[in-house]
Amino acid sequence: MVGNPPYTRWTEIHDETQGLIRKRLGNLMRRYGLTPQVSRGVEPGIYTYWIMHATDFLKEDGRLGMIISNTWLQTDYGIGFGSFLLDNFRIKAIIDTALKLFKDALVTTCIVLAERESDEAKRLENEVVFIHIPGEVKSADVGRLLRAVETGSSDDYTVTVVKQKELPRDRKWIDIFFKTVDISKHPLMTKLGELFEPLRGNTVWAEWSISHGRRPDPGSSDFTYLSPSKIKEFNLDKWAYPNVPLKDALVYPAITSARQTNYFTFTEEDWEEMRGSDDRCYMFVCHVPRKKLPKEMADYVKWGETECMTRIRGTRKGGRLASETEAAKTRANEPKRFHGWYDLGGVIPAPIFAIRQAWYKTRFTWCRFPVTMYDALIALAPKKSVSLDEAQTKALLAYLNSSFAQAYIETDGRKSPGGIIGFEVNIAREMPVLDVRKLNNKQLNSLAKLFDKLEHEARKIGGASRREEIEKLKPKIYEIDRAVASLLSIKDEDVKNVQAQVDLMVERRVSVAKKAR
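Numbering (our numbering), first residue to last: 47 to 563.
Shown next, in the form of structure tokens:
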């Protein structure tokens with residue numbers, strides 16, 4: 047059985063067809079975690095169901111050959127789809143290609159070759175050939191490709207042979223195509239969660255909400271995030287920095303949007319530039335009992351209870367009052383931690399933060415000015431037992447912005463149907479990182495200087511977010527990669543494989559977004 051099923055996303059399938067798929071494959075969808083959950087980013091392509099349905103038409107030893115989108119190799123739902131293949135087939139080969147096999151195609155493809163097998167022992171002992179055809183290859187000779195499948199080796203393509211029983215059921219298969227080393231067990235490595243507590247934002251409310259399984263957003267952004275002009279409008283100036291020291295500020299300097307941070311450091315000068323542009327660069331933190339609020343602050347809180355409405359698309363006047371949002375009501379019901387619905391509980395120091403949802407690179411930034419961060423930033427709050435000096439902090443930032451760190455995020459991160467990679471709190475905790483506490487001064491200073499060079503180059507070219515900026519920064523990132531590799535005794539070939547892996551996975555995510563547009 048051969049085919050090239052549609053690459054249609056679940057939300058693009060007609061309701062009637064969705065119903066038929068659920069009716070025919072509902073039990074299998076549940077068993078393998080392939081039931082669509084669009085709000086959580088679980089949106090399998092129709093080709094997964096196509097192959098599941100086709101399996102019933104194959105006799106024992108019957109052969110299946112399908113050209114499908116290769117996006118499943120790096121998605122959460124792909125883990126379940128891979129398990130389905132393991133339970134039903136001797137997988138002959140998975141051929142991953144960056145070639146555009148079809149005219150005007152935006153999504154790259156993979157070829158699945160498999161044979162129906164009900165004998166578990168035979169499936170387990172089967173050898174699977176993984177072949178990657180890189181982007182620089184303009185065309186592939188079918189004869190050479192088939193020989194690679196049969197022999198498990200090739201001078202033209204990257205080939206990896208794995209026993210089927212060794213294929214994982216709990217992680218994505220994308221990294222099987224690349225002969226990279228596992229650095230997580232190296233003596234100089236640790237987990238990010240051993241050094242920091244990752245949070246979504248760095249208010250006490252953000253910490254409390256994450257630990258209690260709640261959404262960490264503050265509720266009404268129009269109430270919580272303020273511009274200098276709005277501060278003046280409500281006469282809140284005397285409680286806002288720099289009119290009061292940071293330790294006394296009730297209206298606190300803040301980052302309220304990812305676009306406000308474009309480099310690998312965030313300084314007071316960066317914040318002052320936002321302030322001069324009348325950007326929303328303050329957050330109403332106000333950890334003060336209501337009875338002790340100054341009149342102007344009390345009046346602002348009253349405005350949040352009577353006039354400030356949330357904005358909801360499709361409505362003319364907005365949604366709820368600021369005091370009636372779910373976050374606000376939750377805080378009001380926790381008097382031991384918060385003085386009222388308006389109170390975010392204070393600010394938790396976080397010297398490093400990361401972009402939670404990124405297109406081309408998950409950028410880690412040294413926060414040199416202690417601002418409050420909104421919930422779309424992953425704030426890294428140091429554990430009580432951890433104290434890093436400047437050289438250690440910069441050395442860690444060098445690693446966090448390396449290809450090794452990005453490869454982990456691309457592999458384990460939450461990929462949205464639209465193509466953005468999500469660096470979530472649970473993923474951050476488990477992330478392998480260089481334990482800079484174990485490095486000597488020479489090693490620390492070497493990495494710290496490389497981080498300085500990366501930041502200098504980002505400032506020079508005007509940012510570190512857009513694709514063209516990341517391409518210009520790659521030479522500096524690759525310098526860091528080589529320095530890390532030297533510390534961990536990683537071969538040059540393995541470093542290049544990691545870099546190629548990152549490029550490939552980023553390109554796939556972006557191609558999905560292009561298709562959607």
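All C-beta atoms in this analysis are idealised placements derived from N, C-alpha and C, irrespective of residue type, glycine included.
Check for me: the alpha helix (DSSP H) holding residue 66 runs from which residue to which? 61-77
From residue 561 to residue 218, what distance separates their C-alpha atoms? With a pLDDT of only 49 at residue 561, under 50, the local geometry of the prediction cannot be trusted, and the value read off the model is given with reservation. Each residue's alpha carbon lies about 22 angstroms from the other.
Quick check on the DSSP output: the alpha helix (DSSP H) that includes residue 395 runs from which residue to which? Looking at the DSSP string, residue 395 is not in any alpha helix (DSSP H), and its letter there is neither H nor E.
Report the residue ranges of all alpha helix (DSSP H) runs contained in full by the stretch 431-495; include only those spanning at least 4 residues, in chain order. 436-446, 449-458, 471-476
How is residue 220 classed by DSSP in three states: helix, strand or coil? helix
Terminal residues of the beta strand (DSSP E) in which residue 171 lies: Note, residue 171: premise wrong, no beta strand (DSSP E); alpha helix (DSSP H) at 166-171.
Candidates 365, 538, 489: closest to residue 528 by CA position: 538
Would you tell me roughly how many angstroms separate the C-alpha atoms of residue 198 and residue 548, rounded to the nearest one? 24 angstroms
Are there 16 or more other CB atoms within 10 angstroms of the CB of residue 507, so buried, or fewer, so exposed? exposed
Pair within 8 angstroms by beta-carbon distance, residue 130 and residue 78: yes
At what residues does the alpha helix (DSSP H) containing residue 230 begin and finish? That residue, residue 230, is in no alpha helix (DSSP H); it is neither H nor E in DSSP.
Grab me the residues of residue 545's own chain with a C-beta within less than 6 angstroms of its C-beta, minus the 5 sequence neighbours each way, in chain order. 449
In the DSSP output, what is residue 424 paired with across the bridge? 246, 400
Taking a contact to mean a Cβ-Cβ separation below 8 angstroms, would you say residue 493 touches residue 441 in this structure? yes
On a Cα-Cα basis, can you pick out the residue from 515, 390, 311 that is closest to residue 405? 515
Just to confirm my understanding: we take residue 239, look at its own chain, exclude 5 residues before and 5 after, and list those with CB closer than 6 angstroms. What are they? 475
Proximity winner among 351, 291, 487, 407, relative to residue 416 (alpha-carbon distances): 291
Using the DSSP secondary-structure output, state which residues sit across from residue 115 in a beta bridge. 155
In or out: residue 192 buried (at least 16 other Cβ within 10 Å) or exposed? exposed
Measure how close the beta-carbons of residue 568 and residue 246 come, nearest whole angstrom, since I'm counting them as under 8 angstroms. No information on residue 568 is available, as it lies outside the stretch 47 to 563 that the chain covers here.
Member of 303, 371, 324, 380 whose CA lies at the smallest distance from the CA of residue 335: 380
Between the CA atoms of residue 187 and residue 201 - distance to the nearest angstrom: 12 angstroms
C-alpha distance - residue 439 paired with residue 241, whole-angstrom precision: 11 angstroms
What does the Cβ neighbour count give for residue 362, buried or exposed, with the cut at 16 atoms within 10 Å? Annotation note: pLDDT 46 at residue 362 (below 50); position unreliable, coordinate value reported separately. Residue 362 should be labelled exposed.
Would the stretch 48-56 count as touching the stretch 92-111 if we require 3 or more Cβ pairs under 8 angstroms? yes
Under a three-way DSSP split, which group does residue 178 fall into? strand
Beta bridge counterpart(s) of residue 329 as assigned by DSSP: 271, 298
Once you ignore the five residues that flank residue 313 on each side, which residues in its own chain have a CB closer than 8 angstroms to its CB? 414, 415
With residue 174 and residue 210 assumed to form a contact (beta carbons below 8 angstroms), what rounded beta-carbon distance in angstroms separates them? 5 angstroms
How would you label residue 585, buried or exposed, when you count the other beta carbons within 10 angstroms and need 16 or more for buried? This structure cannot speak to residue 585, because the chain is shown only from 47 to 563.
Suppose only complete runs of 4+ residues qualify. What are the alpha helix (DSSP H) ranges in the stretch 332-358, listed by chain order? 341-352
May I ask you to verify whether the stretch 463-472 touches the stretch 395-409, counting CB pairs closer than 8 angstroms and requiring at least 3? yes
My understanding is that residue 343 touches residue 296, with C-beta atoms under 8 angstroms, so please give their C-beta distance in whole angstroms. 6 angstroms
Look at the alpha carbon of residue 447 and the alpha carbon of residue 267, and state the distance between them as a whole number of angstroms. 30 angstroms
Answer with buried or exposed for residue 333, where buried requires no fewer than 16 other C-beta atoms within 10 angstroms of its C-beta. buried
Could you please give me the residues that DSSP links to residue 162 through a beta bridge? 135
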